[in-house]
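Report on the structure given below.
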Amino acid sequence: MSKSKCFILCNVNNAQSSYLFASNAGSNLSYYIANSLPKNYDVYLLNVGAPRKKWPFKEKNHQFQVNSLTIIEFAGGLTILPTRIKAKLIIKRAIQFTLKNKEIDDKIIIYHSLSFSKYYQTLIDSFSPKNAFLFVAELYSDVGNIKYSVIKEINYIRKFKKTIMISHPLHRKIFKESKENQTIFLYGAYNSLKNLAHKSSSDLIHIVYAGTSSKIKGGLFNILNASKLLPKNYLIHIFTQADETLINYLKSFPVSYDGYVNENELLEIIQLYDIGLATQNPHLVFNESSFPSKIITYLACGLNVVSSKSISVIDSPFLDRVIFYDEDESGENLAQAIIKSANHINREENAKYISQLDDEFKANLSNLLEGGSDESFSH
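Start counting the sequence shown at 98; every next residue gets the next number (my numbering).
Pasting the structure below:
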């Protein structure tokens, strides 16, 4: 008996190809969902971005095997076309491929994107509402640097009867009190580490910020003043994409800029660290929808977490597992929270908690896909 297929429409990092991808966070979450699916599915990741190099004219798609997953990528037309035009063509080809190759009872999971949204109804009609699922990591209209109607974005999302959401505030904002939607929650990639690296007995306290350098989200810049107020045996490591101007600016603070690495490398490095920082500005509207998934990465590596008072973190399972601080211009509150966090670090307990969430999510995802009763879903 042949397996059913599950297509995942997303944008992932594929080391075997020359594709561009949108973000590490989105790529990691897409891979995590793919690897969490029940074993009775053949999984196809439909990778949509833009090729860096020209494809042979007759080739419409490339297929790659990554463990048990199949990644399919699509030609983007002439190399002289702007990236955004190539991306639109690639998405169209990905949709066409999916509709041509789907069979009855196959599933599709879509990583929410403004670029995909005009195809939502087509995919729902083709797969049926019970077999079409949307993963929503944030409302892009809330971020602040995208001009798009948040009402229009929400209306696109509401087309789906079954969703995976990154936070409870996001779910409430989109669906209000509606009982028609079935939702499970995924706060980040629960990639639990079976064997944590052994922490040395050094007196040095290693702290990490791994995330965006966006001034809008503010996470990186919120820690710089605090870095000047920490004891000499505390060292903040910064992993982010940075241009020469930002790198030179960071040199004026007592922090270590350690470059930009992929998720797998980061997991190996920070297992030997002590505290992770989730310091994005809690007052901006995007906190009503997005969740700083780096918190999951930190805990999985055994680190304690210090977080700003974002509503998505406060209203989450991690409320009692992080140290919160109130923002102030001097950075003193953040510095004190870091020192407090260093007083009690339980690496094994932090990692074990993420392992538990991993097991729970996989069970919930299987139930969602197979059409469990309404009572079995979290609202």
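All C-beta atoms, glycine included, are put in the ideal place defined by N, C-alpha and C.
CB contact flag (residue i, residue j, <8 Å)
i: tyrosine 354; j: isoleucine 344; result: yes
i: lysine 258; j: asparagine 278; result: yes
i: isoleucine 168; j: leucine 142; result: yes
i: serine 413; j: tyrosine 284; result: yes
i: valine 109; j: tyrosine 129; result: no
i: alanine 488; j: isoleucine 435; result: Given that the chain is displayed from residue 98 to residue 476, the structure contains no residue 488 and the question cannot be resolved.
i: lysine 199; j: cysteine 103; result: no
i: aspartate 371; j: isoleucine 302; result: yes
i: lysine 437; j: aspartate 423; result: no
i: asparagine 137; j: serine 101; result: yes
i: leucine 326; j: glycine 468; result: no
i: threonine 342; j: leucine 317; result: no
i: glutamate 250; j: leucine 267; result: no
i: lysine 477; j: serine 386; result: Because residue 477 is not part of the residues shown, which for the chain are 98 to 476, the question remains open.
i: valine 140; j: leucine 175; result: no
i: asparagine 378; j: lysine 314; result: yes
Closer than 7 Å: residue i CB and nearest the ligand COA heavy atom
i: glycine 285; result: Among the components of this structure there are no ligands whatsoever, and the ligand COA is therefore not found.
Whole-number beta carbon distance between residue j and residue i, since they are thought to touch under 8 Å
i: phenylalanine 161; j: glutamine 218; result: Not a contact, Cβ separation roughly 30 Å.
i: leucine 220; j: isoleucine 207; result: 7 Å
i: tyrosine 116; j: asparagine 144; result: 6 Å
i: glycine 173; j: lysine 183; result: 3 Å
i: valine 410; j: phenylalanine 388; result: 7 Å
i: glutamate 360; j: asparagine 121; result: 6 Å
i: serine 106; j: phenylalanine 213; result: It is leucine, not serine, that sits at residue 106 in the sequence shown. Indeed, because the Cβ distance is near 6 Å, the residues count as touching under 8 Å.
i: aspartate 300; j: asparagine 252; result: Contact doesn't hold; Cβ gap of about 55 Å is too wide.
Of the listed residues the options, nearest to residue i (C-alpha basis)
i: histidine 334; options: Tyr357, Glu341, Leu326, Ala434; result: Tyr357
i: alanine 191; options: Glu446, Leu175, Ala432, Glu170; result: Glu170
i: asparagine 430; options: Glu467, His380, Thr376; result: Thr376
i: valine 305; options: Lys276, His265, Leu364; result: Leu364
i: phenylalanine 415; options: Phe336, Pro379, Leu454, Leu236; result: Leu454
i: alanine 439; options: Leu211, Pro328, Pro266; result: Pro328
i: arginine 149; options: Leu134, Thr180, Phe350; result: Thr180
i: tryptophan 152; options: Ile248, Ile187, His380; result: Ile187
i: aspartate 417; options: Ala432, Gln433, Glu446, Glu426; result: Glu446
i: lysine 391; options: Thr309, His380, Tyr331, Asp340; result: Thr309
i: tyrosine 216; options: Lys256, Ser275, Ser246, Ile442; result: Lys256
i: leucine 332; options: His265, Ser311, Ala432; result: Ala432
i: isoleucine 201; options: Val247, Asp222, Ser311; result: Asp222
C-beta neighbour in chain D for residue i, strict 8 Å
i: glutamate 200; result: Included in the structure is just one protein chain, with no chain D present.
Cut-off 7 Å between Cβ atoms - residues of its own chain near residue i, not counting five sequence neighbours on either side
i: histidine 209; result: Leu231, Phe232, Val233, Ala234, Ile254
i: tyrosine 395; result: Gly373, Val402
i: histidine 476; result: The pLDDT assigned to histidine 476 is 41, lower than 50, so where the model puts this residue is not dependable; a value taken from the coordinates is nonetheless given after this. Thr280.
i: isoleucine 393; result: Tyr284, Gly285, Ala286, Tyr287, Ile451
i: phenylalanine 118; result: Asn108, Val109, Asn110, Ser124, Gly146
i: serine 473; result: For serine 473, the predicted structure reports a pLDDT of 42, less than 50, and the residue's modelled location is therefore unreliable. The matter cannot be settled from this model.
i: valine 247; result: Leu236, Ser238, Asp239
i: lysine 312; result: Phe318
Own chain partners of residue i with C-beta closer than 6 Å, once the 5 adjacent residues on each side are dropped
i: aspartate 456; result: none
i: leucine 347; result: Tyr354
i: phenylalanine 272; result: Asn278
i: phenylalanine 350; result: Leu321, Ser324
i: leucine 462; result: Ser133
i: serine 264; result: Phe388, Ser409
i: valine 352; result: Ser324, Ile333, Ile335
i: isoleucine 442; result: Asp371, Asn401
Nonlocal neighbours in the same chain, by C-beta distance under 8 Å from residue i, ignoring five residues either side
i: alanine 448; result: Ser289, Leu290, Leu293, Leu396, Ala397, Cys398, Gly399
i: serine 99; result: none
i: phenylalanine 224; result: Lys199, Asp203, Lys204, Ile205
i: isoleucine 261; result: Ile130, Ile206, Phe230, Leu231, Phe232, Val233, Thr280, Ile281, Phe282, Leu283, Leu462, Leu465
i: glutamate 426; result: Asn322
i: tyrosine 245; result: Leu211, Tyr237, Ser238
query: In chain order, which alpha helix (DSSP H) runs of at least 4 residues are fully inside the stretch 366-453?
result: 391-397, 408-411, 429-439
- request: At 3 residues or longer, and completely inside the stretch 227-283: list those beta strand (DSSP E) runs for me, N to C.
  value: 229-233, 259-262, 279-282
message: So within the stretch 325-361, which uninterrupted beta strand (DSSP E) runs reach at least 3 residues, ignoring any that extend past its ends?
response: 331-336, 352-354
Complete alpha helix (DSSP H) runs within the stretch 100-163 (minimum length 4 residues, chain order): 121-133
- request: Output the residue ranges of the beta strand (DSSP E) runs that lie fully inside the stretch 190-219 and measure 3 residues or longer, sorted by chain position.
  value: 204-208
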